[in-house]
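Here's the structure, in structure tokens; my notes come after.
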């Protein structure tokens, strides 16, 4: 099993397979399509960030008859529960050289190939990993890229929906995306945010029941939260003094009479 550049393949004997599940591998495609004829090579473009395939691949057969037979019997069969699309690869690769190749410019340096693929794959099948033009020495993005769609309808939908939009990447915003045939929108000045509306200060709560409302000693200052007035001081009730304790007096004991002197007989 080998994988080579598209230009080195026999285009008439090569088919395009799209709508592949993430669990599909080169070996699974080989075992599936070898039932239609001798397979020369299987190529599934990989994402340079995640190393996973992009949901499509190219299969080269020994002859054009085998490729036509594979398209006839394999198109729209279900693989891992998802129907796959099988067609001649030449029809898809020709679109790369014409209007299905979309230019995306004014990109933020943080935007990578995976983010572009996840964003633009919503509009149709992407034939190759989006190509971000990078500096040969530093590897930094030059601010523009190319996205190759499988059909003109997908590229037109992407241009109509994404022109002038903003791509979010890890809580960062990129500049708007100009497309061919449309003037670029004005640049975005970073660091400028619209003024926020101040939150109004809630009114103070009403005083508790049973106490008279006492006005505050001074009005609340502008821009600061006002506090509720303090409750009035509590008045303690004075208790009457206790009555004096009257202790009972004891009557004096009766006088004792002296014994009578003895009488003489």
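In the numbering used here, the protein residues as written are 21 to 285. Positions of the beta carbon are idealized from the N, C-alpha and C atoms, including for glycine.
| Asked | Found |
| --- | --- |
| Cβ-based neighbour list, residue 142, same chain, cut-off 6 Å, excluding 5 preceding and 5 following | none |
| Neighbour-count burial assignment, residue 36, 16 or more Cβ in a 10 Å radius | buried |
| DSSP three-state assignment for residue 18, whether helix, strand or coil | The structure shown has nothing for residue 18, since the chain only spans 21 to 285. |
| Candidates 170, 174, 152 and 171, of which the one nearest residue 164 by Cα | 152 |
| The segment 58–72 / the segment 96–106 touching (three or more Cβ pairs under 8 Å) | no |
| Beta strand (DSSP E) segment containing residue 79, residue limits | 76–81 |
| Per-residue burial, residue 85 [other beta carbons within 10 Å of its own, 16 or more giving buried] | exposed |
| Residue 93 and residue 56 closer than 8 Å at C-beta | yes |
| Paired residues, beta bridge with residue 165 - DSSP | 124 and 152 |
| Burial state of residue 82, where buried means 16 or more other Cβ atoms lie within 10 Å | exposed |
| Residue 34 and residue 109 closer than 8 Å at C-beta | yes |
| Counted within 10 angstroms of its Cβ, other Cβ atoms place residue 133 as buried (16 or more) or exposed | buried |
| Proximity of residue 146 and residue 74 at Cβ, strictly below 8 Å | yes |
| Coil, strand or helix - residue 199 by DSSP | Low confidence applies here, because residue 199 scores a pLDDT of 48, under 50, leaving its location unreliable; read the following figure in that light. The answer is coil: DSSP assigns residue 199 none of H, G, I, E or B. |
| Short Cβ contact (8 Å threshold) for residue 122 with residue 161 | no |
| DSSP beta-bridge partners of residue 102 | 99 |
| Distance CB(residue 178)-CB(residue 140) smaller than 8 Å | yes |
| Pairwise C-alpha distance: residue 135 and residue 87 | 33 Å |
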